[in-house]
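This report refers to the structure that appears directly beneath it.
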Amino acid sequence: MKKRDLLGRKVCNAIFYSMSLLITLAICMILFSLLYTIIKNGSNALSCNFLIKPTSPFKDSGISNAILGTSAITFGATVIGVPAGIFTGIYLIEYDSQSYFSKVVRISAEALMGVPSIVVGLFVYSLVVVPTGHFSGFAASVALAIIMYPVVIKVTSDMLQMVPNATREAAIALSIPKWRMIFQIIFRMAKSGLLTGVILAIARVSGETAPLLLTSLFSDAYPTGYFSEPTASLTVAINENATNSPFEYMLEKAWGAALVITIAILILNISCQLINKFTAQVKK
Amino acid sequence: MNKFLIKNCIKSDFFDKTFKIISLLSATLIILLLGSFLLQLLVLGADSIKTFGFGFLISKDWDPVKNIYGALPAICGTFITTILSLAIAIPLSFCIAIYLVEIAPKTVSSVLSVTINMLAAIPSIIYGIWGIFVVAPLMQQKIIPFINQAINFLIANVINKISTLCGGSELQFIDTQVNSGCNLLTASLILSIMILPFICAIMQDIFRLVSPLVKEAAYGSGATTFEVSRKITLRSGLNGVVGACFLGLGRAVGETMAVLYVVGNVQQVSASLYEGGTTISATLANNFAEASGLFKSSLFELGFILLVMTFIIQLISKLFVKYVIKTM
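Chains as they are written, first to last, in the working numbering: chain Y, 1 to 284; chain D, 285 to 612.
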């Protein structure tokens, strides 16, 4: 074996130590610089008026319609996407985990997870917007539901997989019907994991922009025409104000909207991580 | 048997059946969805496929006035930004993952990994506006001139000395003027920051799974941390590390909003990273609103190309993990 001197190896190691520490700190600095920029620029716009007035090209505008629009679109996506994903996950684990069909389902879920969000937008444009003849918040919900669907499948099947088989056998021995076994026993055991997984999926899709550009567009009105008219959303509001406007104050609105959506998403994320940590400690 | 019990049994049997059917239907839905994705985009892109044929993939023309479209600038831009961003993100996330798993104390490591996970949660449009208002000016005024100076210095002091020693002619580096911070290099940088937390999170999980016995044996025979992480941790987790890299690749290929803001959106193929460019997803987001007819159809074909690209990436990653790693 080749002999290498100890000093060289130690120097190598020291360089590696300091390099990896520096890189880790640098990436954290990038996050803080990002947050600092958003807070610095966004806090100027933030006021009570900003939160309760709808968007408009004038100076005293707000983002209330965009907040409502994003909530409506995300809620619609959750209603469509989460049950479908959970039922598919149940099918994969509880009913049919070995057959050729379930393998195909698994592979398609994985493939769908990798599909870029803008392609989902294109697909939903051709599926919902073209036949109905108008852009709508509902189309955006469908697009986000398609993005959520495979994520929820993965979360559900991972979580159900972790429930020990002995529990199922015990339930069957008591002759409990299968659907009650799944909902009342297995779901209860997998509760915290399922909950955080679903919340994370919701947080992820609520920050999507690209599919919304092709499906819900933007409007200055409140989202009353969710099924039939273009609907405002926070992310598209950022896009509109940041790119299409000649005025400084509209840019400020964009930063304000960015601050609001970042805070909302980070709160969802951090609360999920706390739930996870807490339940992990309780189990120990 | 008493009547009540029989009734109950029938009722629960009915519920059971409906429950199973609902699950089966929603499982079938995902296969249908995937099939209709391919079909729908192909059908809507058919016009452009008929008009341009295979030339669409290698044509540089992009002229909405004359109605001539080619995908080469978008495909090239996608390849360049993706590969460059992976080249930046993979070594960085390896270092970070090793630091968090092997070196850092437990509390520090858990705080830092939460911080890095937060990077993944931030929506891509936020990266976009941060990129265009903060990073792009910084690139134009500070970083790119610095890189140019460094390359100049290297050429003047090292490469030219070697080439004169060997009897060759002197090289001259042309200091290109940068007219905008929105270019392929900036886009790749932002992209690499966005995919880093995903790669890093998986690497951490994998490195934690490496058997401590093997690591301890290596330490016991006198290896340094660097050697252990390179030769033991990386080697035994290679399977998952490759998977993580492919996941990052899949994300980088389809990323839209962040890239759209900083890539410059110019339909051109250029060898210089300081020039603006475009990617498939940026072209789609930028042009879709005003497109119609053949223009729209060619955008659908671009979408189809992007979809097929992501499928191919997934397929390669599966095959790679299955065959190549096993033989190593």
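The beta-carbon is built from N, C-alpha and C at its ideal position, and this holds for glycine as well.
Original post:
Hey, Y:A257 and Y:L234 are a contact pair by Cβ (cut 8 Å); roughly how many whole angstroms apart?
Top reply: 5 Å
Original post:
Taking 9 Å as the CB-CB limit, is D:I597 close to chain Y?
Top reply: yes
**OP:** For Y:E169, count neighbouring Cβ atoms within 10 angstroms of its own Cβ and tell me buried if that reaches 16, exposed if not.
**Re:** exposed
**OP:** On a CA-only basis, which of D:W414, D:L468, D:I306 and D:I486 is nearest D:V553? Give me that one, please.
**Re:** D:L468
Original post:
Do you know how far the Cα of Y:C272 is from the Cα of D:M285?
Top reply: Only weak support exists for where D:M285 lies, its pLDDT of 46 falling under 50; the coordinates are left without a value.
Original post:
How many angstroms separate the CA atom of D:L590 from the CA atom of D:S296?
Top reply: 47 Å
Original post:
In terms of alpha-carbon separation, which member of D:V543, D:G534, D:G506 and D:F491 lies closest to D:V385?
Top reply: D:F491
Subject >> Contained alpha helix (DSSP H) runs [length at least 4] in the region 68 to 140 of chain Y, N- to C-terminal order >> reply: 100 to 113 and 117 to 124
Original post:
Does the separation of the CB atoms of Y:V115 and D:F321 fall below 9 Å?
Top reply: yes
Original post:
Alpha carbon to alpha carbon, how far is D:G538 from Y:I265?
Top reply: 21 Å
Subject >> Cutoff 7 Å; reference D:V512; Cβ partners in own chain excluding five residues on either side >> reply: K499, A502 and Y503
**OP:** Could you name the residues that DSSP lists as bridge partners for D:D347?
**Re:** D:I352
Original post:
Using a C-beta cutoff of 9 Å, does Y:A171 count as contacting chain D?
Top reply: no
Subject >> Beta-bridge partners of D:G548, as assigned by DSSP >> reply: D:G561
**OP:** Could you check what DSSP says for D:C466 in three-state terms: helix, strand or coil?
**Re:** coil
**OP:** Along the alpha helix (DSSP H) that carries D:D331, what are the first and last residues, could you check?
**Re:** A330 to F336
**OP:** Find the residues of chain D that neighbour Y:K10, judging by a C-beta separation of less than 8 Å, and give them in chain order.
**Re:** T508
**OP:** Tell me, please, whether the region 132 to 140 of chain Y touches the region 221 to 229 of chain Y by the rule of three or more beta-carbon pairs shorter than 8 Å.
**Re:** yes
Subject >> For D:D489, three-class secondary structure by DSSP >> reply: helix
Subject >> Whole-angstrom distance between D:I483 and D:I443, CA atom to CA atom >> reply: 36 Å
Original post:
What do you reckon, are the CB atoms on Y:L217 and Y:T231 nearer than 9 Å?
Top reply: yes
**OP:** For the region 302 to 328 of chain D, enumerate the residues whose C-beta is nearer than 7 Å to any C-beta of chain Y, in chain order.
**Re:** F303, K304, I306, S307, L308, S310, A311, L313, I314, I315, L317, L318, F321, Q324, L325 and L328
**OP:** Answer yes or no: do Y:Y91 and Y:S108 have a C-beta to C-beta separation smaller than 9 Å?
**Re:** no
Original post:
Just reading off the alpha helix (DSSP H) that D:M402 is part of, what are its end residues?
Top reply: K390 to A405
**OP:** List the residues of chain D that Y:M19 touches, going by C-beta distances under 7 Å, in chain order.
**Re:** C379
Subject >> Interface residues of the region 574 to 588 of chain D facing chain Y [CB-CB below 7 Å] >> reply: F584 and G587
**OP:** Indicate whether Y:V286 and Y:A143 have their beta-carbon atoms separated by less than 9 Å.
**Re:** Outside the modelled stretch of chain Y, which goes from 1 to 284, sits residue 286 of chain Y, for which no answer is possible.
Original post:
Going along the region 475 to 487 of chain D in order, which residues come within less than 8 Å of chain Y, judged by CB to CB distance?
Top reply: I477 and L480
Original post:
Out of curiosity, what's the CA-to-CA distance linking Y:K53 and D:F510?
Top reply: 57 Å
**OP:** Give a yes or no on whether the C-beta atoms belonging to Y:S141 and Y:T243 are separated by under 9 Å.
**Re:** no
Subject >> For Y:Q184, the first and last residue of its enclosing alpha helix (DSSP H) >> reply: Element bounds for Y:Q184: n/a, residue is neither H nor E.
**OP:** Show which residues of chain Y have a CB atom less than 7 Å away from the CB atom of D:G346.
**Re:** Looking at the sequence provided, one finds Trp at residue 346 of chain D rather than Gly. Simply none; closest approach about 18 Å.
Subject >> Length at least 4, wholly inside the region 411 to 458 of chain D: the alpha helix (DSSP H) runs in chain order >> reply: 428 to 438 and 444 to 449
**OP:** Determine, using beta carbons only, whether D:C529 and D:I427 come nearer to each other than 9 Å.
**Re:** no
**OP:** State the Cα-Cα distance for the pair Y:I147 and Y:A77, rounded to the nearest angstrom.
**Re:** 9 Å
Original post:
Does the beta carbon of Y:T235 come closer than 9 Å to any beta carbon on chain D?
Top reply: yes
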